[in-house]
Structures are given as structure tokens and as C-alpha cells.
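K.L.:
Chains as they are written, first to last, in the working numbering: chain A, 85 to 285; chain B, 85 to 285.
Think of the CB as a built atom: it goes at the ideal place given N, C-alpha and C, for glycine as much as any other residue.
The model shown is predicted, which means the values in this text are computed figures rather than measured ones.
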DNA sequence: GTCTATACTGAGATAGAC
DNA sequence: GTCTATCTCAGTATAGAC
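1) Of all the residues that make up the stretch 259 to 282 of chain B, which are near chain A by a beta-carbon distance shorter than 9 Å?
2) Which of helix, strand or coil does DSSP assign to residue 228 (chain A)?
3) Which of helix, strand or coil does DSSP assign to residue 280 (chain A)?
4) Contact criterion: CB-CB distance below 9 Å. Does residue 247 (chain A) meet it with respect to chain B?
5) Could you pull out every residue in the same chain whose Cβ sits closer than 6 Å to the Cβ of residue 114 (chain B), ignoring the five residues on either side in sequence?
6) Drop a sphere of 10 angstroms on the beta-carbon of residue 244 (chain A), count the other beta-carbons inside from all chains shown, and report buried for 16 or more, exposed for fewer.
7) In its own chain, which residues sit with a C-beta less than 7 Å from the C-beta of residue 143 (chain A), not counting the 5 before and 5 after it?
8) Kindly indicate if chain B contains any beta-carbon less than 9 Å away from that of residue 106 (chain A).
9) Please classify residue 185 (chain B): is it buried, with 16 or more other beta-carbons within 10 angstroms of its beta-carbon, or exposed?
10) Is the shortest distance between the beta-carbon of residue 183 (chain A) and the beta-carbons of chain B less than 9 Å?
11) Closest by CA to residue 266 (chain B), which one among B:101, B:193, B:256 and B:241?
12) Are the beta-carbon atoms belonging to residue 270 (chain B) and residue 172 (chain B) less than 9 Å from one another?
13) With a threshold of 9 Å between beta-carbons, can residue 241 (chain A) be considered close to chain B, or not?
14) In the DSSP assignment, find the alpha helix (DSSP H) that holds residue 246 (chain B) and state where it starts and stops.
15) Closest by CA to residue 128 (chain A), which one among A:248, A:156 and A:88?
16) Please report the residue range of the alpha helix (DSSP H) in which residue 163 (chain A) lies.
17) Would you call the stretch 273 to 282 of chain B in contact with the stretch 219 to 239 of chain B, where contact means no fewer than 3 C-beta pairs closer than 8 Å?
18) Which bits of chain B does residue 236 (chain A) rub up against, with CB to CB less than 8 Å?
19) On the premise that residue 97 (chain A) lies in contact with residue 204 (chain A), defined as a C-beta separation below 8 Å, what is that separation, rounded to the nearest angstrom?
20) Is there a Cβ from chain A that is less than 9 Å from the Cβ of residue 173 (chain B)?
21) What do you get for residue 90 (chain A), buried or exposed, if any count of 16 or more other CB atoms within 10 angstroms of its CB means buried?
22) Does the beta-carbon of residue 220 (chain A) have 16 or more other beta-carbons within 10 angstroms, so that it is buried, or is it exposed?
23) Need the endpoints of the alpha helix (DSSP H) that residue 123 (chain B) sits in, please.
24) Is it true that the CB of residue 146 (chain B) sits closer than 9 Å to the CB of residue 179 (chain B)?
25) Counting contacts by CB-CB distance shorter than 9 Å, is residue 85 (chain A) in contact with chain B?
26) Measure the CB-CB distance between residue 218 (chain B) and residue 237 (chain B) and report whether it falls below 9 Å.
Here you go:
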């Protein structure tokens, strides 16, 4: 990657993490990076594609770790359903790990999710991983209807985003926070169904 | 309220509900309302203050109902702690009620929360109600440390926002959805503490 | 291939005439 | 109260230097 592109990248990450995406103008970014305005469009095409690349790298890092942990948990479980807590750990611990190593990651993600720029970007970079994880969770709560399971999945995503990516005041240790979250979510998923699924004959 | 102001108000609500706040320009709003650009600034001061007024009314409606239900639940409980489910119902059912009667409410709120415009607005219109509710919830889970309780509160808010206000595809009946959410949250709050609080002598 | 200079359109905001 | 005209700054596009 050329020096100019890298400097745009770094400046954009720093500024978006600190101020948010909409609040950060390309002119701010190029001032901080010490490059020309048009070079952003030369290297990235548009402001949105710059953001896309930013998310892309971060997301890939987390997603690889997630799938790795999931495979390990599946191997350990054998034919039995993977324990719910193990699935949740595989999904959430990688986020804590990356967040601890690179705090800007959480901030950028938080900004972008928060600003509602995600319908497409989330789809592009996170849907595939979700489709690997949720069927596993589904196996461990077979007594739920599909409808109720779908909503519990929403609750998980909501709690996770708000907690990890939320522009929260108190930060604290990510590992601890994730530990609390996993306990909370596991209990929520294992709660008796409001409308239990019909048991098949 | 003057006719012009009301028309701006209505057009803004419709457009923001449908497209989001950032994606809706004042010029779109005035075109739909059939008024002059400067009249927006005359009546509201700025685009952001227009949004603020929009949220203000919606929020007040929900918050009044919330506090009413909470008082009723407290009266029914007497000196005993209010049952957790009753507190959650008092907090969440009013949202479903308003959402059913006026679907644009949920959409506008969803947009605004999603777009991260809320640090101030949430504080202005929702913090006070939160400070009435969370001490009640706290009483029903005394075995948690303050730290862990604080995070569970975050999980609740995250799940709620993502579920109610989330730009979700599947909508479905709000009452049902809230029922699922309450079950999930109650179980999460009542899960054993990761780090139990020291028991006082 | 890479970067600079500059121009274009549309955003929110504002001053002042009426 | 309302409207016109105008300001600043945003993202974007492109012509042309190197």
C-alpha cells in the first residue's frame, strides 16, 4: 500500500473513532494526513468506500478468530450440541481480544453501527459469520419457536452492540465486560419459552 | 401552533421516519411541507432542534405511561420489592402501546438512536425515567455488584433499542415482541452473578 | 500510476427586506 | 411571520502535471 493511501487510512481511522463518521469530513482527514483531497477519491473512490475498507479489515480479524473458536468448540463437543456458553464465548471473546489490542476498533465499529450506516456493511462483513453461529445456538434451545428464537437473536445482537460498541462512558476491562454479557445472554436464551414449540411426535 | 410550523413538523416526521435524519435534508422537508427554507430556522432554530422537538413529544408520551405503570406496580407491591417482571412491563409495555398506535414513533426513534444523535437527546428526555426505574430493578437483584448491575442495565437498553427501534425487516406485533423481550431480560437479570457481591454482616 | 488544482452541486445557516 | 438572497462548508468529479 502506498504511503499516501496508508496515511489517509490512519487519519480516517483516528478521526472516525474519535468523532464519528458523519462528523468527520474528508477535508479534516486530508488535513491530518497531509495529502490532497482528490487522493482520497483516487485511492478509495468515495468517503463511503473508505469506511468500507476500514470496517473490512477489522471485521475480518474478528471473524476469523470467531470461526476458529467455534470449530474448536464443535470438535470438543463431538456429535452433541455445543454448550451454549461455549458458542457465546466463541462469538464474543474475539471481540474483546481485538478490542483490547486495538481500542480504535471498537470505537470505529461503535460509531458506524450507531450511525446506521450498517444495513449494507453489516450484511457484507458479518452476516456470513452469523449464519455459522446461530444454527449452533438454535440446537441448544430447541424448545423455542422459530419466531421466539429469532427475537432472542435480536436481543443478543442489540445487547452486544450497545455494550461493546456503545459510546459508553465507563470503559473498563473488556474481558470482564464480556464475561458479564455471556452470563446474561446465556440465561436469557435458556429462559423458558413464552410460546413453547410444539413437540414433534 | 401555526399552520406553517405544523406542516414542517408533519413533513419532517414522515420523512425522517422513512429515510432517517441525516438522509433527510431541510430542502426535502420544505418541499413536502410547501413552505420556505428560512421558515424552518424561524420556527425551530436549526435542523437539530426540529428533531429535538419531534423526540420530545414522543418521549413524553411514553414516559408518562411508564411512570404511571411503575407507580401502580409499587402500590401493589407495598413495602416489598416490586417483582422484576412488573418493573420490566412498566418500562416496556408503554413503548409497545405507543408504537402500535403510532408506528412512526418507533421509526423516528429508531432512526435517531441508530444514527448516534442521542447522547444528548437521550439524556434530556430519557435519563430521568431511567433513574426512577433502575433503582427498583436494583432492589430485586441485590446479590449483584454495582459493576455487574451497571452492565446488565446496559444489556437491557441495548436489547430494547435494537428490538424496538431497530430498522428490522420483520415487524410483527409489538405486544408479542415485548413479551419475548421481557422474558429474556428477566432471566438475564436473575442469572447468578459472575462476581457475587459481598454479603454484609 | 500518482497526485494537484480547481470547479460543481447541494447541504445548513443567516441577514435583511417586506 | 415570511421570503429572497447569500454565505460557508460538505462530498464529488475531472483535467492535467509529473
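P.N.:
Concretely, from the data shown:
1) Cβ contacts with chain A come from 260, 261, 263, 264, 265, 266, 267, 268, 269, 270, 271, 272, 273, 274, 275, 276, 277, 278 and 279.
2) Collapsing the DSSP output to three states places residue 228 (chain A) in a strand.
3) Here residue 280 (chain A) sits in strand by DSSP.
4) So, interface residue.
5) Excluding positions up to five away in sequence, the list reads 121.
6) In summary, residue 244 (chain A) is buried, with 16 or more beta-carbon neighbours lying within 10 Å of its beta-carbon over all protein chains present.
7) Closer than 7 Å at the Cβ level, and outside the excluded window around residue 143 (chain A), lie 209 and 210.
8) With 9 Å as the cut-off, residue 106 (chain A) counts as an interface residue toward chain B.
9) Exposed is the call here.
10) Closer than 9 Å to the CB of residue 183 (chain A) there is not a single CB belonging to chain B.
11) Checking every option, the nearest Cα to that of residue 266 (chain B) belongs to B:241.
12) Yes, these two residues count as a Cβ contact at 9 Å.
13) By this cut-off, residue 241 (chain A) is an interface position.
14) Premise fails: residue 246 (chain B) is in no alpha helix (DSSP H) and is neither H nor E.
15) Between residue 128 (chain A) and the set A:248, A:156 and A:88, the nearest pair of CA atoms involves A:88.
16) From DSSP, residue 163 (chain A) is part of no alpha helix (DSSP H); its letter is neither H nor E.
17) Judged by Cβ distances under 8 Å, the stretch 273 to 282 of chain B makes contact with the stretch 219 to 239 of chain B, as three or more pairs qualify.
18) Residues of chain B whose Cβ lies closer than 8 Å to the Cβ of residue 236 (chain A) are, in chain order, 264 and 268.
19) That pair is no contact at about 20 Å.
20) For residue 173 (chain B), the nearest beta carbon of chain A is not closer than 9 Å to its own beta carbon.
21) Exposed: under 16 other Cβ atoms inside 10 Å.
22) The residue is buried, with at least 16 neighbouring Cβ atoms inside 10 Å.
23) Element bounds for residue 123 (chain B): 121 to 128.
24) Yes, the pair counts as a contact, with Cβ atoms nearer than the cut-off.
25) At least 9 Å separates the CB of residue 85 (chain A) from every CB of chain B.
26) If you check the CB distance, residue 218 (chain B) and residue 237 (chain B) come in under 9 Å.
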